[in-house]
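>
In the numbering used here, the protein residues as written are 389 to 602.
1. If you measure between the beta carbons of residue 521 and residue 562, is that distance less than 9 Å?
2. Can you tell me whether residue 509 is helix, strand or coil according to DSSP?
3. What number of angstroms, rounded off, separates the C-alpha of residue 537 from the C-alpha of residue 543?
4. Could you check the C-alpha separation between residue 539 and residue 514 for me, to the nearest Å?
5. Run the CB neighbour count on residue 441, radius 10 Å, all protein chains shown included, and call it buried at 16 or more, exposed below.
6. Is residue 436 buried or exposed, if buried means 16 or more other CB atoms sit within 10 Å of its CB?
7. Around the Cβ of residue 506, are there at least 16 other Cβ atoms within 10 angstroms (buried) or fewer (exposed)?
8. For the alpha helix (DSSP H) that contains residue 389, what are its first and last residues?
9. Tell me which same chain residues have a C-beta within less than 6 Å of the C-beta of residue 395, skipping the five on either side of it?
10. Considering only their Cβ atoms, is the gap separating residue 519 from residue 595 smaller than 9 Å?
11. Per DSSP, what kind of secondary structure is residue 547 in: helix, strand or coil?
12. Grouping DSSP H, G and I as helix and E and B as strand, with all else coil, what is residue 501?
13. In its own chain, which residues sit with a C-beta less than 6 Å from the C-beta of residue 593, not counting the 5 before and 5 after it?
14. Which residue spans inside the stretch 514-576 form an unbroken beta strand (DSSP E) run of at least 3?
15. Taking the straight line between their C-alpha atoms, what separation do you get for residue 566 and residue 572?
16. Tell me which residue opens and which closes the beta strand (DSSP E) that residue 479 is part of.
17. Using alpha carbons as the reference points, say which of 496, 499, 495 and 486 lies closest to residue 523.
18. Exposed or buried, what is residue 454 when buried is set at 16 or more other beta-carbons lying within 10 Å of its beta-carbon?
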């Protein structure tokens, strides 16, 4: 019953469809793995901490959101204040569009990753402007492949999240935040989950995930 309750609550939210894709990606790439040190760049309140089995979890953000242990206050535009080769796993999710120098930031992710370590990364392609005025870029799979390859990663795997109908479902939900739309929100979320199983063309993806190995 508890699981059904939380599922219902999630289906009532207007970002359920994009959120589930991010969680599925992180869960898939971390399940059954143990890490020594994880660095979460652009960590916020560290909502993804629970998916990592690790000895040490370091958060990096430009501000202190409160209650985050091992937090490093750092503006990534000027560098990540973490030593070279500090982490065997680096997470950087939905941050790069807010940085002024994407190539520099990806190079910094490479610098703080140990040899053989992994970077889990996500970035939007189809998404409204947000956190104005600090929203500078949107990225294609080709652009991301170039950035990570140029930074020196030995292996780069990129995956588009979804197709265009799924994207349209999610984008329409962003304008239905009033409670009166809740029944419609639930229906569109369910429709999106069903559509996801059948869409093959992913040229209009909400975003991309990257698994890069140093």
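In this text, a Cβ means the ideal position worked out from N, Cα and C, and glycines have one as well.
For this structure:
1. As a position in the chain shown, residue 521 is number 133, starting the count at 1. As a position in the chain shown, residue 562 is number 174, starting the count at 1. No, Cβ-Cβ distance for residue 521 and residue 562 is not below 9 Å.
2. In the chain shown, residue 509 corresponds to position 121, counting from 1. Looking at residue 509 - three-state DSSP - the assignment turns out to be strand.
3. The count along the chain shown starts at 1 and reaches residue 537 at position 149. The count along the chain shown starts at 1 and reaches residue 543 at position 155. Rounded to the nearest angstrom, the two C-alpha atoms are 8 Å apart.
4. Locating residue 539 in the chain shown gives position 151, counting from the first residue. Locating residue 514 in the chain shown gives position 126, counting from the first residue. Taking the straight line from one Cα to the other gives about 24 Å.
5. Position 53 of the chain shown, counted from the first residue, corresponds to residue 441. Residue environment: residue 441 is assigned as exposed (fewer than 16 neighbouring CB atoms within 10 Å of its CB, all protein chains considered).
6. In the chain shown, counting from the first residue as 1, residue 436 sits at position 48. Its Cβ being crowded by 16 or more others within 10 Å, residue 436 is buried.
7. Translated into the one-based positions of the chain shown, residue 506 becomes position 118. So residue 506 counts as buried.
8. Along the chain shown, read from residue 1 onward, the residue named residue 389 stands at position 1. Careful: residue 389 lies outside any alpha helix (DSSP H) and carries neither H nor E.
9. The residue labelled residue 395 in the question sits at position 7 within the chain shown. There are no such residues.
10. Locating residue 595 in the chain shown gives position 207, where the first residue counts as 1. Locating residue 519 in the chain shown gives position 131, where the first residue counts as 1. Not in contact: residue 595 and residue 519 (Cβ atoms no closer than 9 Å).
11. As a first step, residue 547 must be located in the chain shown, where it is residue number 159. Strand.
12. One-based indexing of the chain shown puts residue 501 at position 113. DSSP places residue 501 in strand when its eight states are reduced to three.
13. Looking up residue 593 in the chain shown gives position 205. Result list for residue 593: 513, 548, 549 and 550, in chain order.
14. 543-548
15. Residue mapping note: residue 566 aligns to position 178 of the chain shown, counting from 1. Residue mapping note: residue 572 aligns to position 184 of the chain shown, counting from 1. The alpha-carbon of residue 566 is positioned some 11 Å away from that of residue 572.
16. Here the question's residue 479 lines up with position 91 in the chain shown. Unbroken beta strand (DSSP E) run through residue 479: 475-481.
17. Within the chain shown, numbered from 1, the residue matching residue 523 stands at position 135. Among 496, 499, 495 and 486, the Cα nearest to that of residue 523 belongs to 486.
18. In the chain shown, residue 454 corresponds to position 66, counting from 1. Flag for residue 454 reads exposed.
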